[in-house]
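If you're matching positions, the sequence shown starts at 2 in this note's numbering and goes up one per residue.
Glycine included, C-beta positions come from ideal geometry on N, C-alpha and C.
From a predicted model like this one, the values you see are computed outputs, not experimental measurements.
Okay, structure first, notes after.
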Amino acid sequence: MPDHSLFRLRVLPCCIALAMSGCYVNAWAEDEIQFDSRFLELKGDTKIDLKRFSSQGYVEPGKYNLQVQLNKQPLAEEYDIYWYASENDASKTYACLTPELVAQFGLKEDVAKNLQWIHDGKCLKPGQLEGIDIKADLSQSALVISLPQAYLEYTDTDWDPPSRWDDGISGLIADYSITAQTRHEENGGDDSNEISGNGTVGVNLGAWRLRADWQTDYQHSKSNDDDVINGDDTQKNWEWSRYYAWRALPSLKAKLGLGEDYLNSDIFDGFNYVGGSISTDDQMLPPNLRGYAPDISGVAHTTAKVTVSQMGRVIYETQVPAGPFRIQDLGDSVSGTLHIRIEEQNGQVQEYDINTASMPFLTRPGQVRYKLMMGRPQEWGHHVEGGFFSGGEASWGIANGWSLYGGALADEHYQSAALGVGRDLSVFGAVAFDVTHSHTRLDKETAYGKGSLDGNSFRVSYSKDFDELNSRVTFAGYRFSEENFMTMSEYLDASDSEMVRTGNDKEMYTATYNQNFRDAGVSVYLNYTRHTYWDRDEQTNYNVMLSHYFNLGSIRNMSISMTGYRYEYDNQADKGVYISLSMPWGDSSTISYNGNYGSGSDSSQVGYFSRVDDATHYQLNVGTSDKHSSVDGYYSHDGSLAQVDLSANYHEGQYTSAGISLQGGATLTAQGGALHRTQNMGGTRLLIDADGVAGVPVEGNGAAVYTNMFGKAVVADVNNYYRNQAYIDLNNLPENAEATQSVVQATLTEGAIGYRKFSVISGQKAMAVLRLQDGSHPPFGAEVKNDNAQNVGLVDDDGNVYLAGVKPGEHMTVSWGGVAHCDIHLPDPLPADLFNGLLLPCQQTGAIPPSVPNEIKPVIQEQTQQVTPTEPPVSVSAN
Numbered sequence: 002m003p004d005h006s007l008f009r010l011r012v013l014p015c016c017i018a019l020a021m022s023g024c025y026v027n028a029w030a031e032d033e034i035q036f037d038s039r040f041l042e043l044k045g046d047t048k049i050d051l052k053r054f055s056s057q058g059y060v061e062p063g064k065y066n067l068q069v070q071l072n073k074q075p076l077a078e079e080y081d082i083y084w085y086a087s088e089n090d091a092s093k094t095y096a097c098l099t100p101e102l103v104a105q106f107g108l109k110e111d112v113a114k115n116l117q118w119i120h121d122g123k124c125l126k127p128g129q130l131e132g133i134d135i136k137a138d139l140s141q142s143a144l145v146i147s148l149p150q151a152y153l154e155y156t157d158t159d160w161d162p163p164s165r166w167d168d169g170i171s172g173l174i175a176d177y178s179i180t181a182q183t184r185h186e187e188n189g190g191d192d193s194n195e196i197s198g199n200g201t202v203g204v205n206l207g208a209w210r211l212r213a214d215w216q217t218d219y220q221h222s223k224s225n226d227d228d229v230i231n232g233d234d235t236q237k238n239w240e241w242s243r244y245y246a247w248r249a250l251p252s253l254k255a256k257l258g259l260g261e262d263y264l265n266s267d268i269f270d271g272f273n274y275v276g277g278s279i280s281t282d283d284q285m286l287p288p289n290l291r292g293y294a295p296d297i298s299g300v301a302h303t304t305a306k307v308t309v310s311q312m313g314r315v316i317y318e319t320q321v322p323a324g325p326f327r328i329q330d331l332g333d334s335v336s337g338t339l340h341i342r343i344e345e346q347n348g349q350v351q352e353y354d355i356n357t358a359s360m361p362f363l364t365r366p367g368q369v370r371y372k373l374m375m376g377r378p379q380e381w382g383h384h385v386e387g388g389f390f391s392g393g394e395a396s397w398g399i400a401n402g403w404s405l406y407g408g409a410l411a412d413e414h415y416q417s418a419a420l421g422v423g424r425d426l427s428v429f430g431a432v433a434f435d436v437t438h439s440h441t442r443l444d445k446e447t448a449y450g451k452g453s454l455d456g457n458s459f460r461v462s463y464s465k466d467f468d469e470l471n472s473r474v475t476f477a478g479y480r481f482s483e484e485n486f487m488t489m490s491e492y493l494d495a496s497d498s499e500m501v502r503t504g505n506d507k508e509m510y511t512a513t514y515n516q517n518f519r520d521a522g523v524s525v526y527l528n529y530t531r532h533t534y535w536d537r538d539e540q541t542n543y544n545v546m547l548s549h550y551f552n553l554g555s556i557r558n559m560s561i562s563m564t565g566y567r568y569e570y571d572n573q574a575d576k577g578v579y580i581s582l583s584m585p586w587g588d589s590s591t592i593s594y595n596g597n598y599g600s601g602s603d604s605s606q607v608g609y610f611s612r613v614d615d616a617t618h619y620q621l622n623v624g625t626s627d628k629h630s631s632v633d634g635y636y637s638h639d640g641s642l643a644q645v646d647l648s649a650n651y652h653e654g655q656y657t658s659a660g661i662s663l664q665g666g667a668t669l670t671a672q673g674g675a676l677h678r679t680q681n682m683g684g685t686r687l688l689i690d691a692d693g694v695a696g697v698p699v700e701g702n703g704a705a706v707y708t709n710m711f712g713k714a715v716v717a718d719v720n721n722y723y724r725n726q727a728y729i730d731l732n733n734l735p736e737n738a739e740a741t742q743s744v745v746q747a748t749l750t751e752g753a754i755g756y757r758k759f760s761v762i763s764g765q766k767a768m769a770v771l772r773l774q775d776g777s778h779p780p781f782g783a784e785v786k787n788d789n790a791q792n793v794g795l796v797d798d799d800g801n802v803y804l805a806g807v808k809p810g811e812h813m814t815v816s817w818g819g820v821a822h823c824d825i826h827l828p829d830p831l832p833a834d835l836f837n838g839l840l841l842p843c844q845q846t847g848a849i850p851p852s853v854p855n856e857i858k859p860v861i862q863e864q865t866q867q868v869t870p871t872e873p874p875v876s877v878s879a880n
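Okay, structure coming up:
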């Protein structure tokens, strides 16, 4: 009969694991669980005393590397947990919770400062926190802690208190967004090429973030008309647009900023300045308490480049296919007036401004939120203008639901003060009202006048989520400004005698609305802004989208949508209607009809869209535009090294064009680095270390990224102050690779470079037999580790071991009782059959003492002996 001993399932380790991990089988049916030793294959002359495990939750004294779970939420890192025997009862043990571990709990300040410690301040004294429950689940390598919420700071789903925030590691970053376009005119044969880009380079030093933003533009045009003199024209520009630094102040829930900045205020209009600021940071609040983030929508007639800028500085640039688009990933740190520029492939340009005014900040009762800033106003190109200014604003929760807020901003010739009140109306939403007064002294005649000017501006705002209707009024506001009211930005313009006033604001209406009628399959989106002026015609912009999802016979998930839009800038308006009808074609494709009719060129197209995988999709369109045939295509891929967008357009008798857009970055630290894709320039990222194994797929934010040849990858665009997870896609691991740990998490401060390491073993698998010099074998449960201290195998009671990550000529160490006893060396080359019981001599080495406190005993290391079937079973209490 063949010998199957190599593959025998031993019952003893299962029994011990159940006892040690606190798993009580059928505990509700019986008071005791009995392990019948007659089923154990026991050898040797010694016995193992299972009675010590009769105490519920008993763990053998020693050191264990465990993942800590607090109230069912895993902490970011694993910890070495020591178990001590109780001084009063040797049959009971307790876990040593170190100050470093307890600090991760997020205890309230009054609770944390009254804690007592033992073992020279290294362990939390048991019994202090009433209701705490600590269990070891050794089968899952976990320490499970249940702690009453009354002891903890405020927590929320996927959000951690400040005690768990991670500033990351020091390193260098370089992020970029590059767009290149080429265009050939059919009439005349003119050619034009353009490359534009923007990005951020920076350094992380501890909690400090040092950044520099850049932007560039290169344009070359060539005329093939012989009558044109100097037909070649080249324009190029490179600018460092901003130098700045910041760091988080977790104890104040605030952010300290230095250098060049844009005044992001909830009360005053913004402007560029150089100086310093300190402000409470909404990102440090739980997600449901954070502020409003801008939502930019528009319609592209062809494949187009969309640029979002503020006071001349490019903050976002991307390429979009023809049709409606929405940009929703700018983040809530962007506020004020944004300029949108849409450059079509056919040469047309749309421009308009949007105002990102949001709900003035309401505050919880008894709390204060604030912003303080000082410095000098700054023009484009790092040139200061005007004198020194200072300002501040604050919101105070004066009572349940009521907030009082206000602020002031002043320099030598300009002063502005505001006062407002906000009210949380519970189920009816939130409303706020404020008034701002400005006083300006102009010493010389300007386009704004001369002398002293005083004016007021009144504002009312409303916000509401209608959960029962699946709708949301993201923001609705009205502002009226008197003719002599001036903002700081207008005052700075007035100081320039050559400046021509472009518009004196009078009224502004703003509204953003979403609603989903789920039962009817209908959704509505509205974005509306209306501006009136004292000295020129009004300006109105809007975008209205109506979508309906329905089934037609056996065809399911069809959709029809209509978008009406109007964008006005510099007395020119682009308005029209975009209609789209789509139906599924297979599992991941759709075919559609799209029509665009309005003040621009009318067009209609039939399109095909296909999603190849989570990272790749493409779109093809054929149709007519201005009664000429057109063909265009769009391809997008979220790669590990960069996000790549490709486009190509052909319009009969008009032009041929092509474009490419790359968005990515590079991150370099002492732990390693990688190229990666990114959208948020200079933002937070997570460096992944897969123990040097290349090609490991890691998912965290969007499509998976793959580790490079050094086993490193970067998950970019992770959320600040938010519990982020990254995990290995176990179904797509490289051949001969195994992950003993597949999930990590991190809560990172803004701009941090987080670092997390996966335990990944790479190599072949083998079944081996270990023999000591005297012909015996290592004891049952001995661990085999490689040079990276990774556990690659456990020895059974015959010296057999299943090894993972085997490589030719590799050295491994065999340990038991916490001590390294002998070494094995794998042959080079390896034999063809690695599952035929590869015999490996284990050469004894000098015992290396473990770094364990003296009073801690080593983990279980006894061997067992054969027991006659007549022995009674060992009883283990379930209580």
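Which class does residue i belong to by DSSP, given the choice of helix, strand or coil?
| i | result |
| --- | --- |
| Val697 | coil |
| Pro100 | helix |
| Met1 | Outside the shown range of the chain (2 to 880) lies residue 1, about which nothing can therefore be said. |
| Pro251 | helix |
| Arg480 | strand |
| Arg519 | coil |
| Gln105 | helix |
| Tyr529 | strand |
| Ser589 | coil |
| Arg537 | coil |
| Ser164 | helix |
| Gln845 | strand |
| Val112 | helix |
| Leu454 | strand |
Residue i and residue j: beta carbons closer than 8 Å?
| i | j | result |
| --- | --- | --- |
| Lys758 | Val807 | no |
| Arg678 | Gly696 | no |
| Asn721 | Gln746 | no |
| Tyr656 | Arg342 | no |
| Ala395 | Val369 | yes |
| Gly683 | Thr338 | no |
| Ala1 | Val321 | Residue 1 is absent from the model: the chain starts at 2 and stops at 880. |
| Gly751 | Gln311 | Strictly speaking, residue 751 in this sequence is Glu, with Gly absent from that position. Not a contact, by the Cβ cut-off of 8 Å. |
| Ser600 | Gly634 | no |
| Gly776 | Trp817 | no |
Return the Cβ separation of residue i and residue j in integer angstroms, given the expectation that the two are a contact with Cβ distance under 8 Å.
| i | j | result |
| --- | --- | --- |
| Gln680 | Asp718 | 5 Å |
| Ser404 | Gly423 | 4 Å |
| Ala740 | Ser760 | 7 Å |
Can you list, in chain order, the residues of its chain with a C-beta nearer than 8 Å to that of residue i? Leave out the 5 residues immediately preceding and following it.
| i | result |
| --- | --- |
| Asn572 | Asp538 |
Grab me the residues of residue i's own chain with a C-beta within less than 6 Å of its C-beta, minus the 5 sequence neighbours each way, in chain order.
| i | result |
| --- | --- |
| Arg248 | Ala208, Trp209, Leu257 |
| Ser631 | Gly624, His652 |
| Trp239 | Thr217 |
| Tyr415 | Thr441, Tyr492 |
| Gly701 | Val716, Ala727 |
| Ile82 | Tyr65, Leu67, Ala96, Leu144 |
| Ser648 | Thr304, Tyr635, Gly660 |
Please tell me whether residue i has its Cβ less than 8 Å away from any Cβ of chain D.
| i | result |
| --- | --- |
| Thr748 | Reference to chain D is not applicable here, since this structure consists of a single protein chain. |
For residue i, which residues in the same chain have their Cβ closer than 7 Å to its Cβ, ignoring the five residues on either side in sequence?
| i | result |
| --- | --- |
| Asp176 | Gly200, Thr201, Gly666, Thr679, Met682, Gly683 |
| Gly703 | Asp639 |
| Trp535 | Glu484, Asn505, Lys507 |
Practice prompt. Please confirm if the stretch 95-107 is in contact with the stretch 117-124, defined as three or more CB-CB distances below 8 Å between the two stretches.
Written response: They touch, by the three-pair rule.
| query | How do the stretch 770-789 and the stretch 258-267 stand: do at least 3 beta-carbon pairs fall below 8 Å, yes or no? | reply | As far as the Cβ criterion goes, the stretch 770-789 does not touch the stretch 258-267, which means the pair count is below three.
Count the C-beta pairs between the stretch 137-154 and the stretch 629-641 that are closer than 8 Å, then say yes if the count reaches three, no if not.
No: the two stretches stay apart, fewer than three of their Cβ pairs being nearer than 8 Å.
Any chance the stretch 585-598 sits against the stretch 544-562, with 3 or more Cβ pairs inside 8 Å?
Between the stretch 585-598 and the stretch 544-562 there are three or more C-beta pairs closer than 8 Å, enough to call the two in contact.
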